Structures are given as C-alpha cells and as structure tokens.
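**Q** Numbering (full-length UniProt numbering), first residue to last: 1 to 182. Using N, Cα and C, we set each Cβ at its ideal position, and we do this for glycine too. Bear in mind the structure is a predicted one, so any value in this text is a computation, not a measurement.
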Amino acid sequence: MKGMVFTAFLEMVESKFSLKIADDIIEASALPSGGSYTTVGTYDHNEIIKLVIELSGRTNIPVADLVRTFGEYLFSQLLDMHPYFMEQNSSVFEFLQKVDSYIHVEVRKLYPDAELPAFQYDASIPGTLMMTYQSSRPFADLAEGLIIGCIAHYGEKIDIQRENLSDGSSARFVLTQAGSDL
C-alpha cells in the first residue's frame with residue numbers, strides 16, 4: 001500500500017484526536033516500518049490495519065467506523081492533491097464511473113507497482129449506480145468512506161446501500177439518487 005495512505009491516516013488521527021494518540025498507536029502497533037512513512041514508499045497493508053485497531057481500542061470507536069471516516073478524509077485529501085479529477089466530472093455518478101478507467105490509470109502512471117482495487121459498474125437503472133468493489137485487501141469500508149466523501153463534495157442527495165460479498169474485500173454498493181424509484 002502506498003505511503004500517502006499511511007501519511008494521510010496519521011494526519012487524520014492527529015487532527016481528529018491528537019498527536020499523542022498518533023504517537024501512541026504507532027508505538028503500540030510494533031510496526032515493521034517503525035511507523036515512519038514516506039508518501040511514495042510502499043508498505044504492508046497490515047500496518048494500517050494494526051494502526052486502526054489500536055486507534056479503535058483507545059477511542060472506543062468501531063474499526064469499520066474509523067475506516068469509513070478515514071475514507072471520507074482521504075477523499076478530501078485526494079481532492080486537494082488532484083482537483084482536476086473533480087473538475088472534469090459534474091456529478092457523483094459521472095466521477096465514480098471513471099475510477100477504474102481514468103483515476104486508477106493515472107495512479108498506475110505515478111505508481112506502477114500500486115495494487116489497486118477494481119470496480120464493475122451497472123447504471124442500467126435510471127437514477128441508480130451499482131458498483132461492485134473487488135480487492136485483495138479487506139478495505140470495503142475505506143471504499144465506502146471514499147464514496148461518502150465524493151457524495152459530500154458534490155452535495156448530491158444519494159442513498160447508499162452496501163452488500164458485503166466476502167470478508168471485506170468485495171462489496172456491492174447501490175447508490176440511488178434521492179427521488180429515484182427502484
């Protein structure tokens with residue numbers, strides 16, 4: 001997993017909780033990297049799982065909730081770093097349907113060794129977008145948080161329903177625009 005995800009997570013912990021909590025979870029996690037991350041480095045995804053579990057233990061916030069909150073935070077960070085991605089799309093559905101065909105292509109140009117999730121899309125029902133998330137990592141909660149962050153950015157009224165398809169590495173998200181009939 002790319003280091004920018006780790007640095008963004010620790011920034012979120014510092015801003016929402018405290019620098020002390022960020023230091024405490026790094027120390028308690030006994031990480032192979034020592035908790036020292038560079039944005040362009042690559043690290044074992046299990047390190048972020050350990051950090052989230054430690055954070056959950058200190059805050060009494062469920063792991064899934066923390067990961068979703070981090071996804072929302074990460075979306076805002078990505079928006080700040082790459083505003084042109086958002087400028088090229090005028091709606092949540094338009095943006096999300098380009099994650100694999102455009103955004104992940106651009107990410108692979110920057111980080112050829114990046115192991116990215118994949119999405120399949122179904123927009124055959126007017127006002128509804130079904131996204132199937134598949135990954136080798138258990139980060140469907142992170143994907144959901146990113147989707148929530150996207151919806152918040154565009155300010156659209158969209159309901160999300162999620163169906164887990166496996167151990168957190170695959171999920172189907174059904175996004176329905178408010179007022180649309182299924």
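Between which two residues does the beta strand (DSSP E) containing residue 159 stretch?
**A** Counting along the chain, the beta strand (DSSP E) containing residue 159 begins and ends at 158 to 164.
**Q** Can you give me the Cβ contacts of residue 33 inside the same chain, cut-off strictly under 7 Å, excluding the 5 residues immediately before and after it?
**A** Cβ neighbours of residue 33 beyond the five flanking positions: 43 and 47.
**Q** Enumerated in chain order, which unbroken segments of the alpha helix (DSSP H) with a length of 4 residues or greater are wholly contained in the stretch 44 to 92?
**A** 45 to 59, 63 to 81 and 83 to 87
**Q** Skipping 5 residues on each side, what residues in its chain have a beta carbon closer than 6 Å to that of residue 93?
**A** Apart from sequence neighbours up to five positions away, the residues of its chain that approach residue 93 with a beta-carbon distance below 6 Å are 129, ordered along the chain.
**Q** Whole angstroms is fine: what's the gap from residue 37's alpha carbon to residue 26's?
**A** 11 Å
**Q** What are the partner residues of residue 175, as DSSP defines its beta bridges?
**A** Paired residue(s): 129 and 160.
**Q** For the stretch 64 to 82 against the stretch 126 to 144, do three or more pairs of beta-carbon atoms, one drawn from each stretch, fall closer than 8 Å, so that the two count as touching?
**A** yes
**Q** If you draw a straight line from the alpha carbon of residue 54 to that of residue 154, how long is it in whole angstroms?
**A** 33 Å
**Q** Assuming residue 119 and residue 105 are in contact, meaning their beta carbons sit under 8 Å apart, how far apart are those beta carbons, in whole angstroms?
**A** At roughly 13 Å, the Cβ-Cβ gap does not stay under 8 Å, so residue 119 and residue 105 are not in contact.
**Q** For residue 75 versus residue 103, is the C-beta spacing smaller than 8 Å?
**A** no
**Q** Might you give, ordered along the chain, the residues of its own chain that have their beta carbon closer than 6 Å to the beta carbon of residue 10, omitting 5 neighbours on each side?
**A** 22
**Q** Does the Cβ of residue 182 have 16 or more other Cβ atoms within 10 Å, making it buried, or fewer, making it exposed?
**A** Unreliable placement is indicated for residue 182, whose pLDDT of 48 sits below 50; no coordinate value is reported for it.
**Q** Residue 132: which of 160, 151, 113 and 115 sits nearest, CA to CA?
**A** 160
**Q** Could you check if residue 81 is buried or exposed, using at least 16 other CB atoms within 10 Å of its CB as the buried criterion?
**A** exposed
**Q** Report buried or exposed for residue 96, applying the criterion of at least 16 other Cβ atoms within 10 angstroms of its Cβ.
**A** Residue 96 is buried by the Cβ-count criterion.
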